[in-house]
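Undergrad: This is the structure, below, for whatever I ask next.
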Amino acid sequence: MDRIGESLAARGGRPVRDTPLAFSRPSFGEEETRAVASVLESGWITTGPRVADLERALAGSVGAAHAVCLDSCTAALHVALAALDLRPGDEVITSPLTFCSTVHAIEHAGGIPVLADVEPDTLNLDPEGVKAALTARTRVLLPVHYGGHPADMDPLLELARDRGLTVVEDAAHASGAAYRGRPVGSLGQATCFSFYATKNMTTGEGGALVTDRQDLAERARILSLHGMTRDAWGRYTASGGWHYDVVASGYKYNMTDLEAALGLCQLQKLPGFITRRRALAARLTAGLAADPAVLVPTARGDVEPAWHLYPIRLRTEGLDVGRDRFLEDLRAENIGVSVHFIPIHHHTHFKGRLGAEGDFPVAEDAFRRLVSLPIYPAMTDADADDVIAAVLKVAAHHRR
Ligand SMILES: *Cc1c(COP(=O)(O)O)cnc(C)c1O
Numbered sequence: 048m049d050r051i052g053e054s055l056a057a058r059g060g061r062p063v064r065d066t067p068l069a070f071s072r073p074s075f076g077e078e079e080t081r082a083v084a085s086v087l088e089s090g091w092i093t094t095g096p097r098v099a100d101l102e103r104a105l106a107g108s109v110g111a112a113h114a115v116c117l118d119s120c121t122a123a124l125h126v127a128l129a130a131l132d133l134r135p136g137d138e139v140i141t142s143p144l145t146f147c148s149t150v151h152a153i154e155h156a157g158g159i160p161v162l163a164d165v166e167p168d169t170l171n172l173d174p175e176g177v178k179a180a181l182t183a184r185t186r187v188l189l190p191v192h193y194g195g196h197p198a199d200m201d202p203l204l205e206l207a208r209d210r211g212l213t214v215v216e217d218a219a220h221a222s223g224a225a226y227r228g229r230p231v232g233s234l235g236q237a238t239c240f241s242f243y244a245t246k247n248m249t250t251g252e253g254g255a256l257v258t259d260r261q262d263l264a265e266r267a268r269i270l271s272l273h274g275m276t277r278d279a280w281g282r283y284t285a286s287g288g289w290h291y292d293v294v295a296s297g298y299k300y301n302m303t304d305l306e307a308a309l310g311l312c313q314l315q316k317l318p319g320f321i322t323r324r325r326a327l328a329a330r331l332t333a334g335l336a337a338d339p340a341v342l343v344p345t346a347r348g349d350v351e352p353a354w355h356l357y358p359i360r361l362r363t364e365g366l367d368v369g370r371d372r373f374l375e376d377l378r379a380e381n382i383g384v385s386v387h388f389i390p391i392h393h394h395t396h397f398k399g400r401l402g403a404e405g406d407f408p409v410a411e412d413a414f415r416r417l418v419s420l421p422i423y424p425a426m427t428d429a430d431a432d433d434v435i436a437a438v439l440k441v442a443a444h445h446r447r
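Quick look at the structure:
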């Protein structure tokens, strides 16, 4: 297993693996195949009884009153914010270390995104940074549970209570996570999950908005289907009438029964998936923590992370290359790797408007060091050992 002495694959040496290890791969079994086939055979493939089943199961799994299944987490974030009826100039505070769609959703809902820096250990929104970013126009706090490690919610919820703000969570990474014994989905006023192909449970494309607030759930449901007061399942079944009313300028964000059939299987498997992710994280940490070039991700004692990502940070001070080259060298060793995330204010669309270089030093420093290593239930222990061997090999070659 020790391949440190061999030359780097990037320099013509033999790679740690003969075949590429994917960065991410979903876990499907016979159950998913049968569930999708049964929807096809039923003759009802769009939003219908399977979606209703998944909504009940999701709400039950996190102890929330309502779940609205949608075709993405992006859609869930959009309708959650749209349901709050933001007024022009209303501000939504979120993290610079997220996917662009978190911030797009704020813009689409008519809000003004405001970024606040992240904490050095978890890379989640720093409650102190949020306090500093508050203005009279702040309406919503939008923490992102980075990598599946829950953000420090109690200080954020307290701040929201004191100031009359709403907390909407981007839980795209956090299906199956818990904070101080409470499941993610039971913390803020609205929680948005992603069931995209790479996420902890997947329906291909898909997402859900989970909330205890009936007004938010009802409004989101109407907005997500053309602003109509009844969905197609209600209109086309024998017991339903043809009549409906349009009461808002809505969107087309509904989930299909084909997707929900996958989601029901995946939700059942989620606890097992998380257990496997946790074991893989522990294995990677045991293999990597002693290397002086690697800062491994840690979990706070009061959370159960979902380990959607395993992001290491490189101590580049002790290396003769930067993150980009290190990452390319890992790819040459046949290890799929990625970076989460390019800070929001580095993108052309947001640059200047949402911040300049130097405004969010913790996120910016993390970005220069971050490498996401593969972690997913379909990985074997041997796969994880290959990841460890490749990181140790590349680090050893670039030690100053
Ligand atoms: C994947 C992701 C999203 C978007 O999820 P979709 O279901 O693809 O819309 C939003 N936020 C974060 C942090 C993500 O990683």
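The numbering used here numbers the first residue of the sequence shown as 48 and each following residue consecutively. Glycine residues also receive a C-beta, built at the ideal position from the N, C-alpha and C atoms.
Name the one or two DSSP bridge partners that Glu351 has.
TA: As a first step, residue 351 must be located in the sequence shown, where it is residue number 304. Its beta-bridge partners are Ala225.
Undergrad: Determine whether the beta carbon atoms of Arg186 and Leu133 lie at a separation below 8 Å.
TA: On the sequence shown, position 139 is the one that residue 186 refers to. On the sequence shown, position 86 is the one that residue 133 refers to. Contact: yes.
Undergrad: Roughly how many angstroms lie between the CA atoms of His151 and Arg61, to the nearest whole one?
TA: Position 104 of the sequence shown, counted from the first residue, corresponds to residue 151. Position 14 of the sequence shown, counted from the first residue, corresponds to residue 61. Approximately 43 Å, taken between the alpha carbons.
Undergrad: So, with DSSP's three-state summary, where would you put Ala156?
TA: Start at 1 with the first residue of the sequence shown, and residue 156 comes out as number 109. Looking at Ala156 - three-state DSSP - the assignment turns out to be coil, as it is neither helix nor strand.
Undergrad: What residue ranges within the region 348-436 form continuous alpha helix (DSSP H) runs of no fewer than 4 residues, ordered along the chain?
TA: Whole alpha helix (DSSP H) segments, 4+ residues: 370-379 and 408-416.
Undergrad: Three Cβ pairs or more, each shorter than 8 Å: is that satisfied between the region 332-342 and the region 124-131?
TA: no
Undergrad: Taking three-plus beta-carbon pairs below 8 Å as touching, is the region 159-177 in contact with the region 305-312?
TA: no
Undergrad: Out of Ala326, Asp100 and Ile269, state which residue places its alpha-carbon closest to the alpha-carbon of Tyr300.
TA: To locate residue 300, count along the sequence shown from 1; it is residue 253. Of the residues Ala326, Asp100 and Ile269, the one whose Cα lies closest to the Cα of Tyr300 is Ile269.
Undergrad: Given this structure, state the Cα-to-Cα distance separating Glu53 from Ala106, to the nearest angstrom.
TA: Stepping through the sequence shown from its first residue, residue 53 is reached at position 6. Stepping through the sequence shown from its first residue, residue 106 is reached at position 59. If you draw a straight line from the Cα of Glu53 to the Cα of Ala106, it comes to about 52 Å.
Undergrad: Sorry if obvious, but does the Cβ on Cys120 come closer than 7 Å to a heavy atom of ligand 1?
TA: Working through the sequence shown from its first residue, we reach residue 120 at position 73. Within the cutoff, so yes.
Undergrad: What residue does the alpha helix (DSSP H) around Phe320 start on, and which one ends it?
TA: In the sequence shown, counting from the first residue as 1, residue 320 sits at position 273. It spans Asp304 to Leu335 - the alpha helix (DSSP H) in which Phe320 sits, taken as one unbroken run.
Undergrad: Just to confirm, is the Cβ distance from Gly253 to Ser119 under 8 Å?
TA: Residue mapping note: residue 253 aligns to position 206 of the sequence shown, counting from 1. Residue mapping note: residue 119 aligns to position 72 of the sequence shown, counting from 1. Yes, they are a contact pair.
Undergrad: Under 8 Å, do Ala123 and Leu256 count as touching if we go by C-beta distance?
TA: The sequence position of residue 123 within the sequence shown is 76, counting from 1. The sequence position of residue 256 within the sequence shown is 209, counting from 1. Yes; because the gap between Cβ atoms is below 8 Å, this pair is in contact.
Undergrad: Please decide whether Arg229 counts as near chain D, where near means a Cβ-Cβ distance under 8 Å.
TA: Chain labels in this structure do not include chain D; a single protein chain is all it has.
Undergrad: For Arg446 and Ala413, which I take to be in contact (beta-carbon distance under 8 Å), what is that distance rounded to the nearest angstrom?
TA: Residue 446 sits at position 399 when you count from the first residue of the sequence shown. Residue 413 sits at position 366 when you count from the first residue of the sequence shown. About 22 Å separates the two Cβ atoms, so there is no contact after all.
Undergrad: Across which residues does DSSP place Glu216 in a beta bridge pair?
TA: Here residue 216 refers to the residue found at position 169 when the sequence shown is read from its first residue. Glu216 is bridged to Thr238.
Undergrad: Roughly how many whole angstroms lie between the Cα atoms of Asp168 and Val115?
TA: Numbered from its first residue, the sequence shown carries residue 168 at position 121. Numbered from its first residue, the sequence shown carries residue 115 at position 68. Taking the straight line from one Cα to the other gives about 33 Å.
Undergrad: Identify the continuous beta strand (DSSP E) that holds Val257 and give its terminal residues.
TA: Walking along the sequence shown from the start, residue 257 turns up at place 210. From DSSP, the beta strand (DSSP E) with Val257 extends over Gly254 to Thr258.
Undergrad: Can you check DSSP and say which residues form a bridge with Pro230?
TA: By one-based count along the sequence shown, residue 230 stands at place 183. Pro230 is bridged to Ala225.
Undergrad: Please go through the region 176-210 and give each complete beta strand (DSSP E) segment of 3 or more residues, from N-terminal end onward.
TA: 185-189
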